[in-house]
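Here's the structure we're looking at; comments come further down.
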Amino acid sequence: MEQNTREVENVNNIYHGNPALHQRIQQLIRESEEPEFTLFLNQLGNALWNGQINDTTAEEDLNKNHAIYQTKRQQQSVVRDIEKPVETPKKSVEFAVGAGILGVTGAIFLLAAFWLFAMNFMSNLAKGLSFYGILLLVILVSELWVRKKQEKFSVGMTGVGLSGLFLNTLVIHGYGILNNVLAFVLIALITAMTFFLSYKKDSGVLRIIALLGSVICLFPLMEYDKLPTYLETGVMVLMIQIVAAFVPTKKEQKAIWVLQMIMQA
C-alpha cells in the first residue's frame, strides 16, 4: 500500500509549474513572430516544467519579455507605415487638372464629330433638333455613368454639353428656325438646368457657363437700334453684381440672391 502511494506521488511530480501558466506560454509561442521571443518562451517553459524556477519568477519574466516584444512589434509597424509611398497633394492636383482637361477635350471632339455629320447629311431643322438630342445625351451619359467613375471628367463633359445647348440655340435662331419667344424659352430652360447642375455638383465652372451662356444667347434677341441703351444698363447691372460678389454678407444670403436676380432680370 505504501509503495503504491509513493508511485502516485512520483507520477504527479514529473513536471512542475501552474498549468494555466504553461498554457499561456504555449499560446504565446504559437502567436510569436520573433525568433528570439520564441526561443525565450521555449526556454522558460522548459525551466518551469523541470522545476528550475517557480511560478512567480516565471510569470514575472514572461510579463517583462512579453511587454518588450509588444513594444518592438509596435515600433516595426510604425516604421512600415512611414515607409509606405504617400501620394503628394501636388500629384493629386495634377491628376485632377489633367482629368478635367481630358474631359473637356474629349467632349469637344465628340461634339465636333456629330456636328460634321449633321452639317453634311441633315436639313437645318433636323440639324437643330438632332444637336439638342445629342447634347442632352452627352449630359445624361456624363451625369449617370461618367460621374460615378471620374468626377472631374464628368464636370468637363457636362460643361461642354451645356455650352453646346446654348450655342445650338444661338445658331438655329440665327438661321431663322426659332423665333424670339421660342429662343427665349429654350434659353431660360437651359439656364435653369445649368444652375441646377452647378448647385447639385457645387461647381463654379458650370455656374460660369450658365451666366455667360444665358447673357450671350440673349444678345441676338435684342433690338439693335436700342443696343446702346442695353449696354449702358448692362454695365450698371454688372458693376452692381461685381460689388455684391466681392463684398458679400453672411446673413440672409438667399434673400439677397433672389433680390439680385430680380434686379438683373
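Residue 229 in the working numbering sits at position 240 of the sequence shown, and the numbers go up by one each step.
Every residue gets a Cβ at the ideal spot worked out from N, C-alpha and C, and that includes glycine.
Cβ pair residue i, residue j closer than 8 Å
i           : j           : result
residue 150 : residue 131 : yes
residue 47  : residue 33  : yes
residue 144 : residue 194 : yes
residue 18  : residue 30  : yes
residue 124 : residue 157 : yes
residue 40  : residue 5   : yes
Residue i - containing alpha helix (DSSP H), residue span
i           : result
residue 11  : 8 to 20
residue 186 : 169 to 190
residue 37  : 24 to 38
residue 154 : 140 to 163
Local Cβ density within 10 Å of residue i, reported as buried at 16 or more and exposed below that
i           : result
residue 188 : exposed
residue 172 : buried
residue 45  : exposed
residue 49  : exposed
residue 53  : exposed
residue 60  : exposed
residue 170 : exposed
residue 135 : buried
residue 138 : exposed
residue 58  : buried
residue 28  : exposed
residue 197 : exposed
residue 186 : buried
residue 51  : buried
residue 79  : Its pLDDT being 47, under 50, residue 79 is placed unreliably in this model, and the value from its coordinates should be taken loosely. By the 10 Å Cβ count, residue 79 comes out exposed.
Whole-angstrom C-beta distance between residue j and residue i, which should lie under 8 Å
i           : j           : result
residue 147 : residue 128 : 6 Å
Near the ligand HEM: residue i beta-carbon under 7 Å from a heavy atom
i           : result
residue 195 : Absent from the structure shown: the ligand HEM. Ligands present: none.
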